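Please read the structure below before turning to the comments.
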Amino acid sequence: MRQINRHPTPGMRLMLVMLPFVLLLAAYFFGSAVRLEANPQDKLLPGLQQMLDALSRMALTRINAAVNTCSGSIPW
1 MRQINRHPTP
11 GMRLMLVMLP
21 FVLLLAAYFF
31 GSAVRLEANP
41 QDKLLPGLQQ
51 MLDALSRMAL
61 TRINAAVNTC
71 SGSIPW
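Take the sequence shown: its position 43, counting from 1, is numbered 43 in full-length UniProt numbering, and each next residue is one higher.
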């Protein structure tokens, strides 16, 4: 059978679909590790722990801001 007529199995098809994303993530984390080793304060390629800390700080913490409670009026 000619190579052009072959079709991958469902498992191999899934692996081939995921391969570019896995390679991009690996390249990102490798580049991030190299940059953070040279400069730990680098913000161009943050590491995984820095991203998780930022996510926790920005999305998972409650803001205790003062709320205008004047008789339900619209503030604008």
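Here a beta-carbon is modelled for each residue, glycine too, at the ideal position from N, C-alpha and C.
These numbers come from a predicted model, not from an experiment.
Asked: I need the straight-line Cα distance from residue 80 to F21, nearest angstrom please.; Found: Missing from the structure shown is residue 80; the chain here goes from 1 to 76 and no further.
Asked: How long is the line joining the alpha carbons of A27 and G47, rounded to whole angstroms?; Found: 12 Å
Asked: Helix, strand or coil for D42 per DSSP?; Found: coil
Asked: Note down, in chain order, each residue of its chain lying with its Cβ closer than 7 Å to the Cβ of L36, except the 5 sequence neighbours on either side.; Found: D42 and G47
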